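S.K.: If you use the working numbering, the sequence shown corresponds to residues 21 to 177, in order. Backbone N, C-alpha and C fix where the C-beta goes; we use that ideal spot for every residue, glycine too. Keep in mind the model is a prediction, meaning the values are calculated, not measured. Quick one: this structure, given as structure tokens, is what I'll be asking you about.
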Amino acid sequence: MKTNLITREGYIQLQQEHDHLWNVKRPEVTKIVSWAASLGDRSENADYQYNKRLLRQIDRRVRYLRKRLPDLKIIDYSPQQDGKVFFGAWVEIENEQGEIKKFRIVGPDEIYDRKDYISIDSPMARALIKKQVDDDFEVPTPQGKKEWYVNSIEYQK
21 MKTNLITREG YIQLQQEHDH LWNVKRPEVT KIVSWAASLG DRSENADYQY
71 NKRLLRQIDR RVRYLRKRLP DLKIIDYSPQ QDGKVFFGAW VEIENEQGEI
121 KKFRIVGPDE IYDRKDYISI DSPMARALIK KQVDDDFEVP TPQGKKEWYV
171 NSIEYQK
């Protein structure tokens with residue numbers, strides 16, 4: 021089950037996506053579908069078939085966003101979080117081999133199209149919660165437990 025937490029930036033981005041799909045993209049595609057349908061035989065009309073499929077995808081995403089947005093809880097930065105890893109933190113970690121990773125812990129709805137975000141539901145994020153700089157922690161992986169070290173913690177203020 022997905023956590024219902026989201027950063028303010030992530031919430032605004034989802035709202036903008038909904039508004040763009042509903043107010044811009046859907047009317048454009050609907051016009052094309054209407055035009056293609058007016059040409060006659062729909063079974064062999066590629067414009068009609070493609071745009072009808074696109075319209076269904078848009079409608080599916082809009083339905084999802086309309087259900088999801090009211091359930092989300094926006095989490096803003098709080099000065100009490102300083103020094104420890106919590107939701108919304110930018111964290112830099114390192115392992116014994118010297119491999120360094122830097123990412124932000126966010127809600128599951130925000131990780132798509134971002135390589136530098138991880139979900140609060142991920143094993144890495146769960147293991148990091150409440151850790152401080154210089155703390156060691158273990159993360160369960162399919163290959164066994166991996167040990168990491170916290171280099172830095174930052175918050176977007």
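1. Give the secondary structure of residue 161 by DSSP, where H, G and I count as helix, E and B as strand, and everything else as coil.
2. On the three-state DSSP scale, how would you describe residue 45?
3. Could you tell me which of 29, 140, 70 sits nearest to residue 49, measuring between CA atoms?
4. What number of angstroms, rounded off, separates the C-alpha of residue 113 from the C-alpha of residue 83?
5. List in chain order: all unbroken beta strand (DSSP E) runs of 3+ residues lying wholly within the segment 82–129.
6. Which residue or residues does DSSP assign as beta-bridge partners of residue 26?
7. Taking the alpha helix (DSSP H) that residue 146 falls in, what are its first and last residues?
8. Along the chain, where does the beta strand (DSSP E) that runs through residue 63 open and close?
9. In the DSSP assignment, the beta strand (DSSP E) including residue 137 goes from what residue to what residue?
10. Which residue from 122, 127, 150 puts its Cα closest to that of residue 88?
11. Just to confirm my understanding: we take residue 81, look at its own chain, exclude 5 residues before and 5 after, and list those with CB closer than 7 Å. What are they?
12. Compare the Cα-Cα distances from residue 138 to each of 124, 43, 98 and report the closest residue.
13. According to DSSP, what are the bridge partners of residue 152?
14. Which residues share a DSSP beta bridge with residue 169?
15. Using only alpha-carbon positions, find the residue among 64, 67, 77 that is nearest to residue 46.
16. Below 9 Å between beta carbons: does that hold for residue 31 and residue 92?
M.R.: Based on what the coordinates show:
1. Of the three classes helix, strand and coil, the one that applies to residue 161 here is strand, per DSSP.
2. Taken through DSSP and simplified to helix, strand or coil, residue 45 comes out as helix.
3. Nearest of 29, 140, 70 to residue 49, Cα basis: 70.
4. Cα-Cα distance, rounded: 38 Å.
5. Runs of the beta strand (DSSP E) inside the segment 82–129: 93–95, 109–115, 120–126.
6. Residue 26 is bridged to 94.
7. For residue 146, the enclosing alpha helix (DSSP H) covers residues 143–148.
8. Neither: residue 63 is in no beta strand (DSSP E) and is coded neither H nor E.
9. Note, residue 137: beta strand (DSSP E), 137–139.
10. Out of 122, 127, 150, 127 has the C-alpha closest to the C-alpha of residue 88.
11. Result list for residue 81: 41, in chain order.
12. Looking at the Cα atoms, 124 is the closest of the given residues.
13. The partner list for residue 152 (beta bridge, DSSP) reads 104.
14. Looking at the DSSP output, residue 169 bridges to 114, 156.
15. Of the listed residues, the one whose Cα sits closest to residue 46 is 77.
16. A contact, by the Cβ cut-off of 9 Å.
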